[in-house]
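Quick notes on the structure that follows.
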Amino acid sequence: MLESLPPKHFRQVVTRLFALLRDPHASDTRLLKGFPFYRISVGEYRVVYDYSDDELRILVIGKRNDDEIYKAMRRKFE
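The opening position of the sequence shown corresponds to residue 375 in this note's numbering, with each subsequent residue numbered one higher.
Written out as structure tokens, the structure reads:
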């Protein structure tokens, strides 16, 4: 998932993921419609995640303007 991103986008996403570890409810997070997960936009990418007290789970990383990320969510969790 992450290793396939171009270097610039990789750095952007990883930096944002570390920020989520500190604050999983940052101001730009949104609840994903139809699922109990959260999403954030990072540059050209969307990250879908879930978290508990001691764990941050990255479920999907995909192009922000691509419906494929939501199709993948439906395939995984419906």
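Each residue gets a CB set at the ideal place from its N, CA and C atoms; glycine is no exception.
Of the residues R390, G436 and G408, which one's Cα is nearest the Cα of Y419? Nearest of R390, G436 and G408 to Y419, Cα basis: G436.
Looking at the secondary structure, which residues open and close the beta strand (DSSP E) in which E429 lies? E429 -> beta strand (DSSP E) spans E429 to K437.
(Q) Taking contact to mean 3 or more Cβ pairs, one atom from each stretch, closer than 8 Å, check whether the stretch 442 to 450 and the stretch 385 to 394 are in contact. (A) No, they do not touch.
Problem set entry | Range covered by the beta strand (DSSP E) that runs through D402 | Looking at the DSSP string, D402 is not in any beta strand (DSSP E), and its letter there is neither H nor E.
Would you tell me roughly how many angstroms separate the C-alpha atoms of E429 and N439, rounded to the nearest one?
A direct Cα-Cα distance of roughly 28 Å separates E429 from N439.
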